[in-house]
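Once you know that position 66 of the sequence shown is 71 in the numbering used here, the rest is easy, because the numbers rise by one and skip nothing.
Only one structure is covered here, and it is reproduced in the block below.
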Amino acid sequence: MTNAGRKPIGQRIALLERASALFDRYGASVPLAIAFLNGWPTEIKFYPELVVGNAWKVFLSLALYQLAAFALRRAISFAAPDLAP
Numbered sequence: 006m007t008n009a010g011r012k013p014i015g016q017r018i019a020l021l022e023r024a025s026a027l028f029d030r031y032g033a034s035v036p037l038a039i040a041f042l043n044g045w046p047t048e049i050k051f052y053p054e055l056v057v058g059n060a061w062k063v064f065l066s067l068a069l070y071q072l073a074a075f076a077l078r079r080a081i082s083f084a085a086p087d088l089a090p
């Protein structure tokens, strides 16, 4: 691959790296904002309310967002060294 071909790919990977950093930083707030807008209670009094209610879905989505952020970081860490001349 020529240097002319590496430059646009390098720019795209840099853009993906910046987007990944923002997703890693603010991605967990997306499920919380959705839950808050859907009227998820802000306070849980008892453990059975956590299990019976829909609060477990929020915690599951937080875990999935964190796994997605980890996968993006790993993908970028594998893609970036391949472009080195």
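In this text, a Cβ means the ideal position worked out from N, Cα and C, and glycines have one as well.
- Residue state for Ala33 is assigned as coil, using DSSP reduced to three classes.
- A straight line joining the alpha-carbon of Arg78 with that of Pro53 spans about 36 Å.
- With contacts defined by Cβ atoms closer than 9 Å, Ile81 and Leu21 form a contacting pair.
- The continuous alpha helix (DSSP H) containing Trp61 extends over residues Ala60 to Ala84.
- A direct Cα-to-Cα measurement between Gly44 and Gly15 gives close to 43 Å.
- Measuring C-alpha to C-alpha distances from Phe41 to each of Lys62, Tyr70 and Pro13 identifies Lys62 as the nearest.
- Under the three-state reduction of DSSP, Gly44 is assigned to coil, being neither helix nor strand.
- The straight-line gap separating the alpha-carbon atoms of Gln71 and Leu65 is approximately 10 Å.
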